[in-house]
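Engineer:
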Amino acid sequence: MESHAENIIKMINQQKKLQQLQQNDINKGYAEIFYDTIKFERKKLCYENFSMMIPTFFEIMSDEDMAVIYKRRDAPEFVYTNEDTDINMTFSFLSREELEGDITAVHRQMYEEIRSQHPNVKFLNNDILQTEQYLFIVHFSFPIIVKEDKILQVVFIFLIKDVWVFGTFHCPYTQKRDWNDIMKQMLLSIQLE
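Numbering-wise, my numbering comes out as the position in the sequence shown, counting from 1, plus 601.
1. Using DSSP bridges, identify the partner residues of D728.
2. Smallest Cα separation from E698: which of W765, H771, E794 and G630?
3. Look up R778 in the DSSP assignment and say whether it is helix, strand or coil.
4. Okay, do the segment 735-748 and the segment 698-715 touch, 3+ Cβ pairs below 8 Å being the bar?
5. Taking buried to mean at least 16 other C-beta atoms within 10 Å of its own C-beta, is D782 buried or exposed?
6. Mapping DSSP to helix, strand and coil, what is Q786?
7. What are the uninterrupted segments assigned as beta strand (DSSP E) that are 3 or more residues long and contained completely in the segment 662-718, given in chain order?
8. May I ask which residues mark the beginning and end of the beta strand (DSSP E) holding V722?
9. Spatial neighbours of E642 within its chain, please: C-beta separation below 6 Å, excluding the five flanking residues on both sides.
10. Nearest to E684 by CA position, among R673, Y671 and D666, is which residue?
11. The beta strand (DSSP E) with G768 in it runs from where to where?
12. With a threshold of 16 other CB atoms inside 10 Å of the CB of N689, please say whether the residue is buried or exposed.
13. Taking a contact to mean a Cβ-Cβ separation below 8 Å, would you say L725 touches I791 in this structure?
14. According to DSSP, is I758 part of a helix, a strand, or is it coil?
15. Quick one: what does DSSP say I655 is sitting in, helix, strand or coil?
16. Check E660 in the structure and name its three-state DSSP category.
17. Which two residues bound the contiguous beta strand (DSSP E) that contains F641?
18. If you check the beta carbons only, do P677 and S693 fall under 8 Å apart?
19. V653 and K640 look like a contact to me (Cβ under 8 Å); what is the Cβ gap, rounded to whole Å?
20. Once the 5 residues before and after D763 are set aside, which same chain residues still bring their CB inside 6 Å of it?
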């Protein structure tokens with residue numbers, strides 16, 4: 602049984618978390634991320650099929666940087682990144698034939714695929730989000746090791762006009778606490794154009 606002091610500490614921590622979430626509402630146009638105020642704006646992305654609240658520092662990655670970072674056949678169609686390229690979001694497109702089923706079937710397929718690639722993965726998020734426009738988004742977040750660095754990887758997929766939009770987000774794992782919540786807000790901000 603929890604002591605009175607433990608209950609008070611738990612309530613204080615819950616209140617701090619609530620205040621942080623209220624402060625970091627990206628729809629206000631900014632958020633506190635890793636001790637810095639980051640501005641957000643709504644941008645049309647990926648052939649302007651949808652818009653999303655993203656950091657103002659995100660720019661489309663240059664072809665030169667993409668050639669260095671990604672293998673040509675594995676390169677995503679769009680990469681939005683910061684100047685240091687350590688925080689980025691990628692988008693690729695799959696036809697309905699490449700990924701069959703409804704959103705729950707796709708969620709299950711993606712879960713199994715992630716588990717097969719990372720058998721010991723500890724998911725931070727494993728859910729299906731729903732936007733105000735009733736767009737359903739499969740959403741996973743988990744830590745991975747890339748070139749000896751631990752990073753936060755967020756994987757998501759949603760359907761627009763019979764095309765699956767497959768995306769990822771990466772940032773240093775040291776920034777996970779802030780970006781994990783912010784990325785969920787970014788996904789929930791998606792609007793079809």
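Note that beta-carbon positions come from the ideal geometry of N, C-alpha and C, so glycine has one too. Quick caveat, the model's predicted, so the values are computed rather than measured.
Structural biologist: If we stick to the structure as given:
1. Sequence index remark: in the sequence shown, residue 728 carries index 127 (1-based). D728 is bridged to H740.
2. As a working mapping, residue 698 is identified with position 97 in the sequence shown. Ranking W765, H771, E794 and G630 by Cα distance to E698 puts W765 first.
3. Taking the sequence shown and counting its residues from 1, one reaches residue 778 at position 177. Correct three-state label for R778: helix.
4. yes
5. Numbered from 1 along the sequence shown, position 181 holds the residue referred to as residue 782. Burial call: buried.
6. Counting from 1 along the sequence shown, the entry for residue 786 is found at position 185. DSSP places Q786 in helix when its eight states are reduced to three.
7. 679-682 and 689-696
8. Position 121 of the sequence shown, counting from 1, holds the residue named residue 722. It is not in any beta strand (DSSP E) - V722 carries neither H nor E in the DSSP assignment.
9. Locating residue 642 in the sequence shown gives position 41, counting from the first residue. Excluding residues within five positions, the ones whose Cβ falls inside 6 Å are T657.
10. Numbered from its first residue, the sequence shown carries residue 684 at position 83. It is D666.
11. As a first step, residue 768 is located in the sequence shown; it is residue number 167 there, counting from the start. Where G768 is concerned, the enclosing beta strand (DSSP E) stretches over V764 to P773.
12. Position 88 of the sequence shown holds residue 689. So N689 counts as buried.
13. Here residue 725 refers to the residue found at position 124 when the sequence shown is read from its first residue. Here residue 791 refers to the residue found at position 190 when the sequence shown is read from its first residue. In this structure, I791 does not lie closer than 8 Å to L725 by Cβ.
14. To locate residue 758, count along the sequence shown from 1; it is residue 157. I758: strand per DSSP, three-state reduction.
15. Counted from its first residue, the sequence shown places residue 655 at position 54. Three-state DSSP puts I655 in a strand.
16. Taking the first residue of the sequence shown as 1, we reach residue 660 at position 59. In this structure, E660 counts as strand in the three-state DSSP scheme.
17. As a working mapping, residue 641 is identified with position 40 in the sequence shown. Here the beta strand (DSSP E) through F641 covers D637 to L646.
18. Taking the sequence shown and counting its residues from 1, the one referred to as residue 677 is at position 76. Taking the sequence shown and counting its residues from 1, the one referred to as residue 693 is at position 92. Their beta carbons are under 8 Å apart, which means P677 touches S693 by this criterion.
19. If you number the sequence shown from 1, residue 653 lands on position 52. If you number the sequence shown from 1, residue 640 lands on position 39. One point to set straight first is that residue 653 is Met, not Val, in the sequence displayed. Actually they do not touch by this definition, with Cβ atoms about 15 Å apart.
20. Along the sequence shown, read from residue 1 onward, the residue named residue 763 stands at position 162. Excluding residues within five positions, the ones whose Cβ falls inside 6 Å are R697.
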